[in-house]
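Beneath this line is the structure, given in structure tokens, with notes to follow.
Numbering (the numbering used here), first residue to last: 1 to 880.
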């Protein structure tokens, strides 16, 4: 990890208040924090930092008071603990005017301000700083902030991040996608300032926000300012991996710091980003001087001014635990909290023995519970280099004991020593804050989630930068990335099925690993795989857990429907989300008991271009796992059937786990109810959309792939069972089961059937790929005749494959019990789940009908492609 040329980055960590991280030190004679509400203080600080080549000034903020301690804000007001506090964003323009290179990261929350006006303020700030703006995204943690904004309480921890996800989506749409790069004309002769055809409404309609219109600021040089983030819970780190470009972390040991850095980079990789496109800054307070003795003397001097009450007030707010309920000399154990979870989780572990309340207050008195380095400039520089080499940290977010004195000391004593070691820059890089940090230009990189909202040709670079060269990976590389997730899924599959445990986290991991992106075209951020390669991955998932494979089948059917859609708007809107690995799609297509082809779920026109969806669907496979649902409905009063997309969390959507089959229990195939669900026009496929004529063949391919996966799982499980089994039959021929010829015969026959299933599937998929290519090349003069012939041919091939694969896998599942006698039927062995799952899958499309259709065509010819509707007894034409 050692790189002798790697440079350490510095941010100064401050707040527009008297007491930030070092309560009590405002009383020190050399501290000027009490001047926080003057322009001179901030301008002089910015000049000092730029003289020291700091990368940025990071300004924290809270919207509320620290009133957890004693259930009152009295202690906060008494000690000045982050109250009074002024708005951070208003400081930046003055500091930017006085500097040329220093970056500015301002803190603003996603909980209480609407993203539309905030996006304008961000853009304005980026304009006025000439591209040196950053935004520290926070979700909030103080209950008082929620209460003062009219809420009873703040949202639960993870839901705050869900809201923040959508908040950033709105900001990205406004700043990245509303105005094209050449929308501003600025032509005095023609009198045209901007081209209306290149300014677009964002039409955002989400769970938390509705923003239909355009951004009202022209694009700034960075468009989206550099995204900072500081949450360190598991949900916070995942959020950082998807959005953040700079992450602030806190850890009191190198070992813990190394672990945190690795976790964040892993989350970035899981989100399809280059892990090096996140700069990780560790919080640190440096107390330094010309000599070791001078630094130690300063530290001891500062300790005299620490305020235990102020420290406990801050810690109570951070952890969510009222520390006033403890005696000062009582040890703290097992604090639980809904506030900053990372602090609550590490509070006792990083101290070894739990500290007393008094010790915690004293320790928080300098640097806010973060690590402290005390030493000469040379010694501090040596330790910083060692920390970077040991932990892979990019830089440090430097808190102060006194201000601006702590920063002046770092500039005077530490920076020159780091430069002498070749580990700190000697001049600024040119350009914007983003370019200074990464050297890759002014805009968000193409693998960043926000980049997918660009217009004007940027869609070609959407999605995962799987390799440093930005190339689309080969199938083996994709599988290599997916297999650890498959292994995790397989390890718990039997237990989850026995407990009926729908674990959506596994689907989230599959999304992050790229599984849901397999068929999405490259121009939308996906891998653009052909069917044969797509189903290689699908079979491996089915071997790990056939329930999850079946649950994700509707996702691929929906993607295939989008691929054949003529409406470029809906393709872009949904395929970019698929290509970003953001969503999995379930289905709500089937209705039971109706007349042939009848759809009772209705879509009624409402106000302002919206529609209202009402109805009940059965066998809604995958919807309990999904983020969005693909629905078939009938336009009220017209008889027209349409397909549309609905957010699974939209108001009025009800999902029920009422599928009671003896197999495929976790395929999420229950009932979905829609009650006055609002559907925007842009989420409805155009009325001229028709289901592709290969729909039956494609849908059947998923069933067959799942069956082939089950065959592979049977072979795997009985092989492991026999190898581990010691008991033999009294009439057996071997000394151990694996040496018994008859057991070997059973395993061999099962292996052959599993092989046959995979081989037939692969041949069918190659021919289905070829059919799709032929369909694209049909001349208009032969359109109807040739197209229908291809539809019929590939559908018959699907039926033949089903007639081969389903019996082979069912026979293998039944045969598998013969390797172990009665013990093979134990619940702990769980071999029965393979037969149950295969039997249910085979019954989706009964073999007797497939065999008849094949036989009829062999004898008489003339087969026409058909689509069946469950509950119907008639054929419905492929174009219906």
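Backbone N, C-alpha and C define an ideal beta-carbon position, used for all residues, glycine too.
Next on the checklist: Starting from residue 574, trace the alpha helix (DSSP H) in both directions and tell me its first and last residue.
Outcome noted: 568 to 579
Checklist entry - With DSSP run on the structure shown, which of helix, strand or coil describes residue 648? => result In the structure shown, residue 648 adopts coil according to DSSP, grouped into three states.
Next on the checklist: Between the segment 827 to 844 and the segment 711 to 718, can you find at least three pairs of beta-carbon atoms closer than 8 Å?
Outcome noted: yes
Checklist entry - Whose C-beta lies closer than 7 Å to the C-beta of residue 706 among residues of the same chain, with five residues either side of it excluded? => result 542, 546, 549, 550 and 841
Checklist entry - alpha helix (DSSP H) containing residue 835: first to last residue? => result For residue 835, the enclosing alpha helix (DSSP H) has its first and last residue at 832 to 842.
Checklist entry - On the premise that residue 373 lies in contact with residue 388, defined as a C-beta separation below 8 Å, what is that separation, rounded to the nearest angstrom? => result So it is not a contact: roughly 13 Å between Cβ atoms.
Checklist entry - When the Cα atoms are used, what is the spatial distance from residue 84 to residue 18? => result 7 Å
Next on the checklist: So, at 6 Å on beta carbons, what are the nonlocal neighbours of residue 237 in its own chain, with the 5 sequence-adjacent residues on each side left out?
Outcome noted: Cβ within range, chain order: 263, 264 and 267.
Checklist entry - Using DSSP with H/G/I as helix, E/B as strand and the rest coil, what is residue 237? => result helix
Item to check | DSSP three-state assignment for residue 604, whether helix, strand or coil | outcome: Note: residue 604 maps to strand in three-state DSSP.
Checklist entry - By how many angstroms is the C-alpha of residue 761 removed from the C-alpha of residue 794? => result 13 Å
Checklist entry - What are the boundary residues of the beta strand (DSSP E) that includes residue 674? => result 671 to 680
Item to check | 8 Å Cβ cutoff met for residue 274 and residue 447 | outcome: Pairing residue 274 with residue 447 gives a Cβ-Cβ distance under 8 Å.
Item to check | Length of the line joining the Cα atoms of residue 857 and residue 811 | outcome: 27 Å
Item to check | Any 3 or more C-beta pairs closer than 8 Å across the segment 416 to 432 and the segment 298 to 306 | outcome: no
Next on the checklist: Once DSSP output is grouped into helix, strand and coil, what is the label at residue 316?
Outcome noted: For residue 316, the three-state secondary structure derived from DSSP is helix.
Checklist entry - Quick one: what's got a C-beta closer than 6 Å to residue 413's C-beta in the same chain, skipping five residues either side? => result 288 and 377
Next on the checklist: For residue 533 and residue 520, I'd like the C-alpha separation in whole angstroms.
Outcome noted: Rounded to whole angstroms, the gap between the alpha carbons of residue 533 and residue 520 is 13 Å.
Checklist entry - When the Cα atoms are used, what is the spatial distance from residue 626 to residue 152? => result 30 Å
Checklist entry - Between residue 478 and residue 558, which are expected to be in contact by the criterion C-beta below 8 Å, what is the C-beta distance as a whole number of angstroms? => result The distance from the Cβ of residue 478 to that of residue 558 is about 20 Å, inconsistent with a contact at the 8 Å cut-off.
Checklist entry - In whole angstroms, what separates the C-alpha of residue 515 from that of residue 427? => result About 44 Å.
Item to check | Rounded separation between residue 652 and residue 807 - CA only | outcome: 42 Å
Checklist entry - In or out: residue 284 buried (at least 16 other Cβ within 10 Å) or exposed? => result buried
Next on the checklist: Quick check on this structure: which residue in 131, 130, 118 and 147 has the alpha carbon closest to the alpha carbon of residue 137?
Outcome noted: 118
Next on the checklist: Output needed for residue 435: all residues of its chain with C-beta closer than 7 Å, excluding positions within five of it in sequence on either side, in chain order.
Outcome noted: Only 429, 441 and 442 meet the Cβ criterion.
Next on the checklist: Here's the rule: buried if 16 or more other CB atoms are within 10 angstroms of the residue's CB, otherwise exposed. What is residue 741?
Outcome noted: exposed
Item to check | the segment 26 to 38 in contact with the segment 393 to 405 per 3-pair CB rule at 8 Å | outcome: yes
Next on the checklist: So within the segment 408 to 439, which uninterrupted alpha helix (DSSP H) runs reach at least 4 residues, ignoring any that extend past its ends?
Outcome noted: DSSP runs (the alpha helix (DSSP H)) wholly in the segment 408 to 439: 415 to 420 and 433 to 438.
Item to check | Helix, strand or coil at residue 138 [DSSP, three-state] | outcome: In the structure shown, residue 138 sits in a strand (DSSP, three-state: E or B).
Checklist entry - Looking only at its own chain, which residues have a Cβ that is under 7 Å from the Cβ of residue 903, when we skip the five neighbours before and after it? => result Outside the modelled stretch of the chain, which goes from 1 to 880, sits residue 903, for which no answer is possible.
Item to check | Euclidean distance between Cα positions of residue 33 and residue 210 | outcome: 41 Å
Next on the checklist: Between which residues of its own chain and residue 624 is the CB-CB distance below 8 Å, once the five residues before and five after are set aside?
Outcome noted: The residues are 502, 504, 551, 586, 655, 657, 668 and 670.
Checklist entry - What residue range is occupied by the uninterrupted beta strand (DSSP E) comprising residue 357? => result Not the beta strand (DSSP E): residue 357 falls in the alpha helix (DSSP H), residues 357 to 363.
Checklist entry - Which runs of the alpha helix (DSSP H) spanning at least 4 residues fall entirely within the segment 110 to 173, listed in chain order? => result 115 to 128, 143 to 148 and 157 to 172
Checklist entry - Is the CB-CB distance between residue 111 and residue 134 below 8 Å? => result no
Checklist entry - Which partner residues does residue 14 have in the DSSP bridge list? => result 59
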